[in-house]
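*Asks:* Would you mind keeping the following structure in view while I ask a few things?
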Amino acid sequence: MTDMVSNDQGALDEAIQRICAQFGDDYWLARDTDGEFPEQFVAAIASGGWLGIAMPEAHGGAGLGVTEAALMMRRIAQSGGGFAAASSVHINIFGPQPIVKFGTAEQQARMLPPLISGEDRSCFGVTEPNAGLDTGAIETRAEWNGSDYVVNGQKHWTSVAQRANKIMLLARTAPRDASAKGTDGLSLFYTDLDRAHVEIHEIAKMGRKAVDSNALFIDDLKVPREDLIGEEGQGFRCILHGLNPERILIGAEAIGLGRAALAKATQYARERHVFGRPIGQNQAIQHPLAEAWAEMEAADLMIFKAARLYDAGKPCGAEANAGKYLAAEAAHKACERAVLTLGGMGYAREYHVERYLRESYIARIAPVSREMILNFIAERVLELPRSY
Ligand SMILES: Cc1cc2nc3c(=O)[nH]c(=O)nc-3n(C[C@H](O)[C@H](O)[C@H](O)COP(=O)(O)OP(=O)(O)OC[C@H]3O[C@@H](n4cnc5c(N)ncnc54)[C@H](O)[C@@H]3O)c2cc1C
């Protein structure tokens, strides 16, 4: 199967594949067992300059598009690293987009180079326990005391906070009822994750053990005005700019994971003999795998359609949401079929597909759920009444 990519994009894909080949399935299984953050992998990606793939050249990035970033993330997940590998670098790739788009020249020069080199590691604090997908309902407050913003509140599910020294933080700077829309009055900050004022508790979770997710308790965290990104009260709009690229990248990561599962399943189906023939000779084994392939390829087309639209500066909300939805569902199905194809061995950790299946849920839940994507498409594409 040939990808419709340019020579340069093909070379990029091969370069990432060469880095990932140093960290095979056994490396990722070990990280899934011991829960250690994949520092060597991140260092290898950073030393190749790849963290800056979609960052401006003026600040040390490669100045490439979301299309190239998606190719890279798909390859990282496909290497067997799945979401553990992808999530270890994901936020550095898409997270700084609001700084690129809304940051001042001073902020870009100060904030972007250390993110690109890997010296700074950021986490992304949006989700809160009492707000969920209703971002306008977040309760974390940032109050101006005459010299600084003082932040108090809670964040939930903040990934990589155990190791991050920076946080991209969304907080309320004006009461919800003072604004026309619930998402007005929110402000975005990129600032130090000062552990003297932020308690960080890891959440034990189903998969992706190597990349922590956390509950954050923020108590009088001082944030200087120069760490406010964009205008005060316009934080949600700043975040929105990065949402479509994030959906595109998560979708591409899901496809990579699904492809890894399918490769394991088809190899096993060729090699495993029962009743005197390879199990892959049975249509009951073949057809679900063929179906998974077809569905993942279709989802991949939608993901890269969204990426091309984004890179061309065109609206891509419908395609980015649909692509992420289709990719997550197709990848999950591929992972489940892989487990079933391997039978008992599908349940054994050493065959890796159970790890892939556990990780495949992430793309179905985060950063936006299947239901909210369908709500969005129903309302914005099909012009049906808003249901939420
Ligand atoms: C592994 C992992 C890593 C994460 N990392 C981060 C991170 O780094 N930073 C961060 O900010 N967040 C992160 N998240 C949080 C993630 O973005 C949220 O879990 C996700 O947005 C869903 O929000 P919620 O869990 O609060 O679900 P809820 O909002 O509580 O929703 C629960 C369920 O109800 C459904 N639902 C709610 N309202 C409606 C409606 N109106 N119509 C139909 N269905 C509805 C949802 O679709 C969902 O199925 C992470 C989550 C996971 C699992």
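In terms of my numbering, the sequence shown is residues 614 to 1001.
In this text, a Cβ means the ideal position worked out from N, Cα and C, and glycines have one as well.
Among E984, R921, D913 and I712, which one has its Cα closest to the Cα of M781?
*Replies:* The shortest C-alpha separation from M781 is found at I712.
*Asks:* Flag this pair as touching only if the region 697-704 and the region 935-942 have three or more C-beta atom pairs under 8 Å; answer yes or no.
*Replies:* Touching, no, given that fewer than three Cβ pairs across the two stretches are closer than 8 Å.
*Asks:* In three-state terms, what does DSSP make of N620?
*Replies:* N620 falls in the helix class under three-state DSSP.
*Asks:* In whole angstroms, what is the alpha-carbon distance linking D638 and A976?
*Replies:* 20 Å
*Asks:* Quickly, what does DSSP pair A755 with across the bridge? List them, please.
*Replies:* V764
*Asks:* Just reading off the alpha helix (DSSP H) that T804 is part of, what are its end residues?
*Replies:* Following the DSSP letters along the chain, one finds T804 in no alpha helix (DSSP H) but inside the beta strand (DSSP E) bounded by residues L799 to D805.
*Asks:* Going by the C-beta, is C633 closer than 7 Å to any heavy atom of ligand 1?
*Replies:* no
*Asks:* To which residues does DSSP link L829 through a beta bridge?
*Replies:* K768 and I813
*Asks:* Taking only three categories from DSSP, how would you classify I1017?
*Replies:* Residue 1017 lies beyond the range of the chain shown here (614 to 1001); nothing can be said about it.
*Asks:* In this structure, does DSSP put R734 in helix, strand or coil?
*Replies:* coil
*Asks:* Check whether the Cβ of S701 lies closer than 7 Å to any heavy atom of ligand 1, and answer yes or no.
*Replies:* no
*Asks:* What's the call for K794, buried or exposed, on a 16-neighbour Cβ count within 10 Å?
*Replies:* exposed
*Asks:* Tell me whether Y1001, by its Cβ, gets closer than 7 Å to a heavy atom of ligand 1.
*Replies:* yes
*Asks:* For L783 and G738, which I take to be in contact (beta-carbon distance under 8 Å), what is that distance rounded to the nearest angstrom?
*Replies:* Cβ-Cβ separation between L783 and G738: approximately 7 Å, consistent with a contact (criterion under 8 Å).
*Asks:* Do K818 and ligand 1 come close, with the Cβ less than 7 Å from some heavy atom?
*Replies:* Distances from the CB of K818 to the heavy atoms of ligand 1 include at least one below 7 Å.
*Asks:* Note the first and the last residue of the continuous alpha helix (DSSP H) segment covering F696.
*Replies:* G695 to F707
*Asks:* Do the CB positions of A933 and I861 come within less than 8 Å of each other?
*Replies:* Going by C-beta atoms, A933 is nearer than 8 Å to I861.
*Asks:* Could you work out which residue in V887, R883, Q847 and R644 is closest to R785 when comparing CA atoms only?
*Replies:* Cα-wise, what sits closest to R785 is Q847.
*Asks:* Mind listing, in chain order, the continuous alpha helix (DSSP H) runs of no fewer than 4 residues lying wholly within the region 861-919?
*Replies:* none
*Asks:* For V811 versus L841, is the C-beta spacing smaller than 8 Å?
*Replies:* Not a contact, by the Cβ cut-off of 8 Å.
*Asks:* Measure the C-alpha to C-alpha separation of Y960 and L953 and round it to an integer number of angstroms.
*Replies:* 9 Å
*Asks:* Decide yes or no for the touch test of the region 915-923 against the region 680-697: beta carbon pairs closer than 8 Å, at least 3 of them.
*Replies:* Yes, since at least three Cβ pairs between the region 915-923 and the region 680-697 fall closer than 8 Å, the two stretches touch.
*Asks:* Below 7 Å, is the gap between the Cβ of R821 and the nearest heavy atom of ligand 1?
*Replies:* yes
*Asks:* At the level of alpha carbons, what is the spacing between L987 and P980?
*Replies:* 14 Å
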